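Data block below; observations after.
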Amino acid sequence: MTDILTIARQQVLEEGRGLDQAQALECLSLPDERLEELLALAHEVRMRHCGPEVEVEGIISVKTGGCPEDCHFCSQSGQFTSPVRAAWLDIPSLVEAAKETVKTGATEFCIVAAVRGPDQRLMDQVKKGIEAINAEVEIQIACSLGMLTQEQVDALSSWGVHRYNHNLETAKSHFPKVVTTHTWEERWDTLQMVRDAGMEVCCGGLIGMGETLEQRAEFAAQLAELDPHEVPLNFLNPRPGTPFESFPVVEGAEALKTIATFRLALPRTILRYAGGRELTLGDLGTREGLLGGINAMIVGNYLTTLGRDADKDLDLLTELQMPIKALSQTL
């Protein structure tokens, strides 16, 4: 039987075809002593098919907390006893956050809201925020506002939203154990509308929510079918008051195998470090992930948890000689 990494070297590195579900499971199941080999191959794939550049992004929540959905990992759900409470960000604060993001060298600024989907008040706030940001700084604007109607998709596209984030969160087979107030298919439908409208699709999920290795491989295959422009990889940071508050933190080696495997399943996709990496990987693991398939990162803090100091991430990119992706010339 041919070794999975030998197969992956030919199929993914040389031919540019991502791993299928069964092959992804083989990589996720590799023993820890083969992790370095797996990461090295994933890095080769990243460099050949994506290049050395790293896309840097900042995120800000325009509406925090009070969400009616019951995503079991999320402290912003209004159904749980977590300490996060509902709050709105005003336009001047949104502009200031965008300015601070630009100072880090980031080329992407994502406006996020904790909602099932945006109501008219939120859409109006986002429109005003986009106009105010564009008047002050040059940065690409992304949004993450939950599930959308076709009318809302068309509006965001007309306002110049560059990319829309809507995570599938986990494999379709595991989703009902994570969320019960809406379906995986509803999320999928929003993503298809976003793609059809010409916006870039950003779709990832959370690792460490009780899914099996088989379900992680399933999730990688489902993302490959969607073929998003970007996949943010989050690792569960168990939040007090949520149903997943007692879940264990993903081990570093397990997290790195996941990163490398997703790179081999998605050879040309932007694979972004997102929430939980500081807790799961620490400084050393952050470096290893960047040398194991990651080619984008969120800098600074996340929506309800603290991230690494942005300067540490930027210094690491300089040390690894990975240039920050330049701002799109189409702006």
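In UniProt numbering, the protein residues as written are 1 to 331.
Where is the CB? At the ideal position from N, CA and C, for every residue including glycine.
Just so we're clear, the structure is a prediction, and the values are computed from it rather than from any experiment.
With DSSP as the reference, label residue i as helix, strand or coil.
i	result
Glu57	strand
Ala114	coil
Ile4	helix
Arg239	coil
Asn134	helix
Ser158	helix
Gly293	coil
Ser202	With the sequence shown as reference, residue 202 is identified as Cys, and Ser is not the correct amino acid for it. Strand at Cys202.
Ile298	strand
Gln140	strand
Glu185	helix
Pro232	strand
Leu148	coil
Phe109	strand
Leu122	helix
Arg34	helix
Val249	coil
Cys67	strand
Ala86	Caution applies to Ala86, whose pLDDT of 43 falls short of 50 and renders its modelled position unreliable; the value that the coordinates give is listed next. In the structure shown, Ala86 sits in coil (DSSP, three-state: anything other than H, G, I, E or B).
On the premise that residue j lies in contact with residue i, defined as a C-beta separation below 8 angstroms, what is that separation, rounded to the nearest angstrom?
i	j	result
Glu288	Leu256	6 angstroms
Val299	Gly58	6 angstroms
Arg195	Ile207	Contact doesn't hold; Cβ gap of about 24 angstroms is too wide.
Leu94	Gly146	In fact, because the Cβ distance is near 18 angstroms, the residues do not count as touching under 8 angstroms.
Ser61	Ala114	7 angstroms
Trp184	Phe175	4 angstroms
Leu271	Val231	5 angstroms
Ignore the nearest five residues each way along the sequence and tell me which others in residue i's own chain have a CB closer than 6 angstroms to its CB.
i	result
Glu53	Pro323, Lys325
Glu254	none
Gly205	Asn167, Leu168, Glu169, Thr170
Ala197	Val153, Ser157
Output needed for residue i: all residues of its chain with C-beta closer than 7 angstroms, excluding positions within five of it in sequence on either side, in chain order.
i	result
Pro228	Val201, Cys202, Cys203, Thr269
Phe244	His72, Phe73, Met209, Leu236, Pro238
Would you check whether the ligand FAD has a heavy atom nearer than 7 angstroms to the C-beta of residue i?
i	result
Asp311	The ligand FAD is not part of this structure, which contains no ligands at all.
Looking only at its own chain, which residues have a Cβ that is under 8 angstroms from the Cβ of residue i, when we skip the five neighbours before and after it?
i	result
Glu186	Met147
Gly160	Ile130, Asn134, Ile141
- request: Decide if the region 97-114 is in contact with the region 135-144; the criterion is three or more beta carbon pairs, one per stretch, under 8 angstroms apart.
  value: yes
- request: Please specify which runs of the alpha helix (DSSP H), each continuous and at least 4 residues long, are wholly inside the region 258-292, giving them in chain order.
  value: 277-290
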